[in-house]
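Going down the list, the protein sequences come from chains A and B.
Note that the first sequence ends on residue 571 in the numbering used here; no numbers are left out.
Note that the second sequence ends on residue 571 in the numbering used here; no numbers are left out.
First up is the structure itself, then whatever we jot down about it.
Number of protein chains: 2
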Amino acid sequence: MRSHYCGQLETSLVDQPVTLCGWVNKRRDLGGLIFIDMRDRTGLVQVVFDPDQQALFETANKLRQEFCIRLTGTVRARPDSQINKSMATGAVEVMATELEIISRAEPLPIDFNQQVSEEQRLRYRYLDLRRPNMSHNLQFRAKVTSAVRRFLDDNGFLDIETPMLTRATPEGARDYLVPSRTHKGKFFALPQSPQLFKQLLMMSGFDRYYQIVKCFRDEDLRADRQPEFTQIDIETSFMSADQVMAVTEQMVRGLFQQMLDVDLGEFPRMTWHEAMRRFGSDKPDLRNPLELVDVADVLQEVEFKVFSGPANDPKGRVAALKVPGKADAISRKAIDEYTNFVGIYGAKGLAWMKINDLAAGREGVQSPVLKFIPDAALTAILERTAAANGDIIFFGADKASVVAEAMGALRLKVGQDFDLVSDEWRPLWVVDFPMFEEADGRLYAIHHPFTAPVNVTAEELKANPEAALSNAYDMVLNGVEVGGGSVRIHNNDMQQAAFEILGIGKAEAQEKFGFLLEALKYGTPPHAGLAFGLDRLVMLMVGASSIREVIAFPKTTTAACVLTDAPGVANPEALAELHVAVTVKDS
Amino acid sequence: MRSHYCGQLETSLVDQPVTLCGWVNKRRDLGGLIFIDMRDRTGLVQVVFDPDQQALFETANKLRQEFCIRLTGTVRARPDSQINKSMATGAVEVMATELEIISRAEPLPIDFNQQVSEEQRLRYRYLDLRRPNMSHNLQFRAKVTSAVRRFLDDNGFLDIETPMLTRATPEGARDYLVPSRTHKGKFFALPQSPQLFKQLLMMSGFDRYYQIVKCFRDEDLRADRQPEFTQIDIETSFMSADQVMAVTEQMVRGLFQQMLDVDLGEFPRMTWHEAMRRFGSDKPDLRNPLELVDVADVLQEVEFKVFSGPANDPKGRVAALKVPGKADAISRKAIDEYTNFVGIYGAKGLAWMKINDLAAGREGVQSPVLKFIPDAALTAILERTAAANGDIIFFGADKASVVAEAMGALRLKVGQDFDLVSDEWRPLWVVDFPMFEEADGRLYAIHHPFTAPVNVTAEELKANPEAALSNAYDMVLNGVEVGGGSVRIHNNDMQQAAFEILGIGKAEAQEKFGFLLEALKYGTPPHAGLAFGLDRLVMLMVGASSIREVIAFPKTTTAACVLTDAPGVANPEALAELHVAVTVKDS
């Protein structure tokens, strides 16, 4: 029905007839002529209707915004004075010769040119997706998946599908459950990831696997979470952590080169401990120049318990965050707001110190806690933070985890507030995670229970689990974890040890993961893998503020689809067949 | 860890050192040497261990089937007498120099060389997938999806993901339901297809969409059905049925060329009516030379009600199926069996006629119904079926739908029993389906309620729905429907008419499809699409007997996964959070 897309028209086509199919983006009547901007997925082009062609002009006069039309005309160059440089096709226009109105549009329920609530945008998503930036986001996403697939195909990875209706997976989030009709009272779970299946595929000898696959977590949602999200899921056999990082880094570097013409360079590596120490985060945003500085050692003897308590506690931490040159800019009121802010992360307060005049010694320092800090400690702090006149220093003192979280968050917030974040791409690998973290008196896996430790035997792991490092790696880009993975445990003893440490007893392990433990007995290859969050990666690449901007039909933050009105009330007969009943009246 | 894959070794590598990773496929001890066939996903190669290398030989002596090993050695040419032509690498072998046992294997629970029950195969699927033909099937499937994606990407189709957690879809099969935690008492449905979403994407202007996507139907299973299956889902705007057929035919033709070196040629088209008349099926297997011949017109006057009843009924049919040269081969007992067979499809009997001697007239014909058939009718039947001596003719007389189904099935069965099915690829398009079929006094959509009729207005459609043809098309290959699609309704009036004819009242239409009816108001483009069943297509291409042979982790016929033991009992707390309870005790 068309000879060209709107966005393809350019001066080389001048004087040629073209037929376009698309939508009326905008209509203007000017000097007795009718102008429309006609739109399809490739872009816009201006069309002109001349009143000399009466029948055509009358049809054109019926056009309204978002009518779907088919149009034939001749491409002509615009006069120099009318060239529109903000439009890709702005050097040309189409002189219309034929027009067919394919379907009319009622006045739109959402205005493309005004800010519309996200609720309305999602309710009329099919219209919202006509907006050029949303169309671009999804076209960009399609190009990303295509490029990823080509890279992986070309590198010997096999796209193998794993089940969606499966057994509860052990990632730790809440599962979506699906009642079985044939197995009364039993339920499938939708996968939180294909983790175990991809490991089984390695045991089957497929050597290199990938899948771009939907995963599901029934969690309360945030801006960058959705109940269903998409993973680029990768697993390899006979490859070391370094090799997996090398090939996936190559993939991401190629993607940025191809899609954005950006050279990410070689990704630096940072240990988890260094990341926590310098940035209070396992996904540091390296575009932000602020860093935490540890000062516990110089505060152990002070009489101020807020400092000396954590400074003397092996699990405590005291860290300083210097913000250069912002002593004046950060008022008492701003400090109070930051104090409230770190409170969200569990910090009980926020000590601070403004450096007015270094040459003046103690007199030149303004701080409510100054009186508690002896000269030697003050000098050490000022030296260690390389403080200068006009700087402000914040202090966090608490359990190490609280300090990292609160001061890491403060670092990001201050960086944002004062526009300190540079406009660049800063990828890195975070490595050497601890295997386990302690909470509520028991140990949890930082990655998942199938992650291999670095260089220990099963016996050694059991003897001192908290000291063990895992052979895991996260790819972090501009403060966002875009991917993470690990070398997996490939023998039964080690897997049993990991379960034991996590408090998963023999019976429970057998019941939940018996098939995995069994599979480990039959010549399991060493294997390692990684998964990328596709939504987040694309969100970063297009510069969107939420993953909902790169998903065609996302759910709201209450996990609903306002377009189709899902979830909905189920047919009682269907529920009876599934052997379940609703336990709330007010549905 | 490896320098080569096993399957890559060939004479050009002779005298070169290689390092391989893989499994012990087989071990043989012969003439004081140890031979193993070493396997990875690319194939097998023979490795030789010489007792002169004592330490190496001792390690080799520990090898058992399916040990996972890393091996270094030198490639050498086999002597002419020992070249194994049934092995791709049979011209070479590897003289081992180093061997590392990576992981041991206990004796296998399934024997690769013996017939094993499918239950056992599925329980140990990770081992079953090591068998070369299963490994081949899944590698072949990965190549198919890769080729399909490249074709579609290169032709401007955008891969756009649609939701898995959605509203019940209208395909008619039973939905899998997913209770919502945040919306008490409400349920998502897993999609039977992305039908409505892909139509919405056309309304958004994406122009060409595709997705290789999981779909779900909670139906009782057959050999070629699975609760979750994979569709190659396609939708286009501004393209006619012919254009959609052309581009998808080109895709499939390219796929067969590339994967199997088979030229499918141009696909013939056949109307649904012709397919039903000649083959009693809307997915005729053209490799089978047998055809049905209608004979109702010559039997209207006979006194035998079994024939004259259907012959005079406008909804009846009398059809003959001639099996050339099988009069002797098909005994009375065989005829009884065929009679039982057609009974499965609702036929109340199976009349037959053996042609012993055409020259002898009535005397030369043997048939229990001969006495009811006057000379003129007999002559007409023999002429029309072009009967010859030694032929047998079966007759079906009943409602047209019963005759088509029973005689269509008999045609396939006889074709199989006597090996009449040629060994070739016979694709075709079936077109011009009726819009609706009648059952139990109401009308059902033969495709789905969004299929556009050919050349009628909404008013005309409502006036005579049973006469309307749909603008739908099925791609059939060797008797299997591999794909199907249609032009969609793209205006509100027509969509409302279709719902009305299907007995979907205004209120129900609004409740279920309100968003679609609303979307149709805003400049909907004409659109058309198609979906292929990927599992079936790959099954056909690799010559497997079941789609389970081309799915990594399929469900059993009771919709269970015996490997992971899914579905399983749900945690009561999880169910409480989801506001549902199990209504059966014996779970």
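Idealized CB from N, CA, C, for every residue including glycine.
Bear in mind the structure is a predicted one, so any value in this text is a computation, not a measurement.
#1: Could you check the C-alpha separation between Q242 of chain B and K496 of chain A for me, to the nearest Å?
#2: Locate the alpha helix (DSSP H) running through R368 of chain B, then write down its first and last residues.
#3: Does any residue of chain B bring its CB to less than 9 Å from the CB of P163 of chain A?
#4: E212 of chain A versus chain B: which residues are under 8 Å apart at the beta carbon?
#5: Could you name the residues of the region 398 to 426 of chain A whose beta carbon sits closer than 9 Å to any beta carbon of chain B, in the order they occur along the chain?
#6: At least one CB of chain B closer than 9 Å to the CB of R158 of chain A: is that the case?
#7: Where do the N-terminal and C-terminal ends of the beta strand (DSSP E) with L83 of chain B fall, by residue?
#8: Please state whether the Cβ-Cβ distance between K397 of chain B and F325 of chain B is less than 9 Å.
#9: Roughly how many angstroms lie between the CA atoms of G327 of chain A and V386 of chain A, to the nearest whole one?
#10: Classify A608 of chain B as helix, strand or coil using the three-state DSSP reduction.
#11: Taking Cβ-Cβ distances shorter than 7 Å, what residues in chain A pair up with T548 of chain B?
#12: Could you have a look at F33 of chain B and say whether DSSP puts it in helix, strand or coil?
#13: Between the region 500 to 514 of chain B and chain D, which residues of the former have CB atoms less than 7 Å from a CB of the latter, in chain order?
#14: Please list, in chain order, all residues of the same chain as V279 of chain A whose beta carbon is under 6 Å from its beta carbon, the five residues on each side excluded.
#15: Pick out whichever of B:E408, B:S87, B:R88, B:Y108 has its Cα sitting closest to the Cα of F96 of chain B.
#16: Determine whether the beta carbon atoms of Q183 of chain B and F434 of chain B lie at a separation below 9 Å.
#17: Answer with buried or exposed for H474 of chain B, where buried requires no fewer than 16 other C-beta atoms within 10 angstroms of its C-beta.
#18: So if DSSP puts D205 of chain B in a beta bridge, which residue, or which two residues, is it bridged to?
#19: Strictly by DSSP, which residues pair up with V8 of chain B?
#20: Starting from W7 of chain B, find everything on chain A with Cβ-Cβ shorter than 7 Å and list it in chain order.
#21: Please determine, among B:L185, B:A259, B:N455, the residue with the shortest C-alpha to C-alpha distance to T508 of chain B.
#22: Given 8 Å as the limit, is there contact between the region 478 to 493 of chain A and the region 533 to 545 of chain A, that is, 3 or more CB pairs closer than that?
#23: Can you give me the start and stop residues for the alpha helix (DSSP H) that K127 of chain B sits inside?
#24: Compare the C-beta of M(-15) of chain A against all C-beta atoms of chain B and say whether one is closer than 9 Å.
#25: Can you tell me where the alpha helix (DSSP H) holding Y322 of chain A begins and where it ends?
#26: Taking contact to mean at least 3 C-beta pairs separated by less than 8 Å, is the region 77 to 92 of chain A in contact with the region 43 to 55 of chain A?
#27: Could you tell me whether any Cβ in chain B is nearer than 9 Å to the Cβ of K539 of chain A?
#28: What residues in the region 169 to 199 of chain A have a beta carbon less than 8 Å from any beta carbon of chain B?
#29: Any beta-carbon of chain A closer than 9 Å to the one on H120 of chain B?
#30: Closest by CA to E389 of chain B, which one among B:G238, B:D143, B:P268?
#31: So the candidates are A:Q30, A:C52, A:R105, A:E103; which of them puts its Cα closest to the Cα of K69 of chain A?
#32: Do you know how far the Cα of R88 of chain A is from the Cα of S571 of chain A?
#33: So, T567 of chain B versus V414 of chain B, is the Cβ gap smaller than 9 Å?
#34: How do the region 508 to 520 of chain A and the region 126 to 140 of chain B stand: do at least 3 beta-carbon pairs fall below 8 Å, yes or no?
#35: Roughly how far, in whole angstroms, is the beta-carbon of L276 of chain B from the beta-carbon of F291 of chain B, given that I think they are within contact range, below 8 Å?
On the basis of the data shown:
#1: 43 Å
#2: 359 to 368
#3: yes
#4: P147, M148, L149
#5: none
#6: yes
#7: 76 to 87
#8: yes
#9: 10 Å
#10: Here chain B has residues from -15 to 571 only, and residue 608 of chain B is not among them.
#11: T150, R151, F499
#12: strand
#13: Going by chain labels, chain D is absent from the structure shown, which instead holds the protein chains A and B.
#14: V302, A304, I365
#15: B:Y108
#16: yes
#17: buried
#18: Per the sequence presented here, residue 205 of chain B reads as Leu, with Asp not at that position. Its beta-bridge partners do not exist; DSSP assigns none.
#19: B:M22
#20: G189, G507
#21: B:L185
#22: no
#23: 116 to 138
#24: yes
#25: 316 to 328
#26: yes
#27: yes
#28: G169, K170, F171, F172, A173, L174, L180, F181, L184, L185, M187, S188, G189, F190, D191, K198
#29: no
#30: B:P268
#31: A:Q30
#32: Confidence at S571 of chain A is low in this model, with a pLDDT of 45, below 50, so its placement is unreliable and no value can be given for it.
#33: no
#34: no
#35: So it is not a contact: roughly 15 Å between Cβ atoms.
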